[in-house]
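> Going by the working numbering, 40 is the number at position 44 of the sequence shown; the sequence numbering is gapless.
Each residue gets a CB set at the ideal place from its N, CA and C atoms; glycine is no exception.
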Amino acid sequence: MTRWLAGALVLPLAACGGGGEPERNMVTAAPSPVADATAAAEPTRTNLPAPIKTGATSAPDAVLSCSAERGQAAAQRLVNICTSVSPATHPPCNAVNSCAIIEDEIARSCALLGDDAGKTAGCAVDPKSDAAAADVVRRYYSAINAHDYGTAWTQWGPDGRPGQRFADFQKGFANTRATSVTIGRMPPSEGAAGSIYATVPVTVNAQLDDGRQQRFVGQYVVRRVNDVPGASAEQLRWHIDSAMLKPAT
-3 MTRWLAGALV LPLAACGGGG EPERNMVTAA PSPVADATAA AEPTRTNLPA
47 PIKTGATSAP DAVLSCSAER GQAAAQRLVN ICTSVSPATH PPCNAVNSCA
97 IIEDEIARSC ALLGDDAGKT AGCAVDPKSD AAAADVVRRY YSAINAHDYG
147 TAWTQWGPDG RPGQRFADFQ KGFANTRATS VTIGRMPPSE GAAGSIYATV
197 PVTVNAQLDD GRQQRFVGQY VVRRVNDVPG ASAEQLRWHI DSAMLKPAT
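1. Can you have a look at Ser63 and say buried or exposed, based on whether 16 or more other CB atoms are within 10 angstroms of its CB?
2. In terms of residues, what are the limits of the alpha helix (DSSP H) holding Val132?
3. Which residue comes first and which comes last in the beta strand (DSSP E) that contains Val218?
4. Classify Gly67 as buried or exposed, calling it buried when 16 or more other Cβ atoms lie within 10 Å of its own Cβ.
5. Please classify Glu186: does DSSP put it in a helix, a strand, or coil?
6. Under 8 angstroms between the Cβ atoms of Pro88 and Ser105?
7. Whose C-beta lies closer than 8 angstroms to the C-beta of Ala113 among residues of the same chain, with five residues either side of it excluded?
8. Sorted by chain position, which residues of the same chain lie with C-beta nearer than 6 angstroms to Asp32's C-beta, five sequence neighbours on each side aside?
9. Can you give the beta carbon distance from Val196 to Gln210, rounded, assuming they're within the 8 angstroms contact cut?
10. In terms of residues, what are the limits of the alpha helix (DSSP H) holding Thr79?
11. Tell me which residues share the same chain as Val132 and place their Cβ nearer than 7 angstroms to its Cβ, disregarding the 5 neighbours each side in the sequence.
12. Classify Gly207: buried if its beta carbon has 16 or more other beta carbons within 10 angstroms, exposed otherwise.
13. If you count every other CB in all the chains shown that lies within 10 Å of the CB of Thr172, and 16 or more means buried, which is it?
14. What is the C-beta distance between Ser191 and Val221, in whole angstroms, given that I count them as a contact (C-beta under 8 angstroms)?
15. By alpha-carbon positions, which one of Arg73, Val81 and Tyr137 ends up nearest to Ile102?
16. Give me, in chain order, the residues of the same chain whose beta-carbon lies closer than 7 angstroms to that of Pro154; leave out the 5 immediate sequence neighbours on both sides.
17. Determine the contact status of Val75 and Tyr137, defining contact as a CB-CB distance below 8 angstroms.
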């Protein structure tokens, strides 16, 4: 019998203990200038992330920068979108940060706009759509790949995954060099008990520091509060609710 896993060697989704707040290592706005002539130099790659260097740790200086992952021109385009939509005084819109944290700030900012997001150039994805739900899972693995575990942690919600300490979450990726995720065909989201749930089928590929490859299949359930009076912008955002993964055969 195949046993479904809530986590695996590179995907620590279950542990004991309380919450714990991660230290969000980031550089705020005022990104390095990039000449306009380089704007078309390198397209954004969305299929496979750049591998993390062998032996990288979870120390702050080990986070893979967006410019290193996607190229300077593509990272700067993302930064420009981030600065155009973020209402924050010191947003993490800087190419030396991970792409995941920049994309998370864009998603957060567009969610704050509510119905006006559809009229905002930088909000290409409706924050309430199933596509936005899938993007949460993409950001989760983008953050893990970049060793930006603080951003990965908050894809479970502002307090991270219930019942797990951030330190244990981070330790679970100590031997992981790189990860990527492929999103499968999603069924329509469904409402229940004041919330909306989206099921996101995934295939996850991981490479360990010793070169071994791992593959997992399964699904994430992503949740947001329904459009009820009094719901906060954070509650209306999609967050990971649960995960079921198993080794691919």
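Quick look at the numbers:
1. buried
2. Asp126 to Asn141
3. Looking at the DSSP string, the run of the beta strand (DSSP E) that includes Val218 is Gln209 to Val221.
4. buried
5. strand
6. Taking C-beta atoms as the reference points, Pro88 and Ser105 fail to come closer than 8 angstroms.
7. Cys106, Ala107, Cys119, Asp122 and Pro123
8. The predicted position of Asp32 is uncertain, since its pLDDT is 32 and thus under 50; a value taken from the coordinates is nonetheless stated next. Closer than 6 angstroms at Cβ, skipping near neighbours: no residue.
9. Not confirmed; about 19 angstroms, so no contact.
10. Gln68 to Val81
11. So the list reads Gln151, Val218, Trp234, His235 and Ile236, once near-sequence residues are dropped.
12. exposed
13. Here Thr172 is buried, its C-beta having at least 16 other C-beta atoms within 10 Å.
14. Correct: roughly 6 angstroms between the Cβ atoms.
15. Val81
16. Glu230
17. Cβ distance not < 8 angstroms, so Val75 and Tyr137 don't count as in contact.
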